[in-house]
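Chemist:
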Amino acid sequence: MKSIDQIFENNQKWIAEKLAIDENYFENLATGQSPEFLYIGCSDSRVTAEDLMGVKPGEVFIHRNIANLVNNVDLSVMSVINYAVRHLKVKHVVVCGHYNCGGVKAAMQPVDMGILNPWLRNIRDVYRIHKDELNTIELEEDRYNRLVELNVQEQCINLIKTAAVQEAHKERGLIVHGWVFDIHTGKLIDLKIDFPKILSSIMEIYKLY
Ligand code: CO
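Following our numbering, the numbering of the sequence shown begins with 54 at its first residue and continues without gaps.
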């Protein structure tokens, strides 16, 4: 357990390390950002976005919430997507879920979780859409892992439903990626979401651009 004092001490060390390598490090950082990636991941403390991707400050625009959801009426995530895609003009958008996700696990329990109910309902909806597949999986652990993957897939579809992503795909080839972080091994797994296929299958209903 770290104390607050320890955090500030760490910060001083971090500043010294950065300046030792490049005395203009922070001045350069302050000039602006042009990240190529937007990363939408889970708030889970074990899934540290920059760390697991090995990227530096300025390289990835990040949004994290419980169970990496792209909810149409969540002003926060929708603002992040709009800003990253339309203004920062990121080239890739990533939804990254993770095995052992507490949010996904909670959504599989028949329990009243108060304020979390409407949030977790998004995951229950993913379960309902893929009920036939999920119910053929015998082991609960396997079903849970598969729901993590399907949740990522559905959040990618939610991204593709947005006008910003549709426009950026058409105008400059923006791509949406679905990944899962395997917390047991540290590996990032690319679910290889078929962007053009999803796009063509949903445009009949969701075309905005
Ligand atoms: Co999680």
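The C-beta atom is built at its ideal place from N, Cα and C for all residues, glycine as well. None of the values given here were measured: they were computed from a predicted structure.
(1) What does the shell around the ligand CO hold, if a residue joins when its beta-carbon is under 6 Å from any heavy atom?
(2) Output needed for residue 216: all residues of its chain with C-beta closer than 8 Å, excluding positions within five of it in sequence on either side, in chain order.
(3) Across which residues does DSSP place residue 92 in a beta bridge pair?
(4) What's the gap between the Cα of residue 155 and the Cα of residue 118?
(5) Just to confirm the assignment, what range does the beta strand (DSSP E) spanning residue 261 have?
(6) For the putative contact between residue 146 and residue 218, defined by C-beta atoms under 8 Å, what is the C-beta separation to the nearest angstrom?
(7) When the distance is taken between beta carbons, is residue 212 closer than 9 Å to residue 93?
(8) With DSSP run on the structure shown, which of helix, strand or coil describes residue 222?
Modeler: Walking through what the data contain:
(1) That query returns the following residues: 95, 97, 120, 151, 154, 155 and 156.
(2) In its chain, beyond the 5 residues on either side, 261 and 262 have a beta carbon closer than 8 Å to the beta carbon of residue 216.
(3) Per DSSP, 115 and 147.
(4) 12 Å
(5) Looking at the DSSP string, residue 261 is not in any beta strand (DSSP E), and its letter there is neither H nor E.
(6) Indeed, because the Cβ distance is near 7 Å, the residues count as touching under 8 Å.
(7) yes
(8) helix
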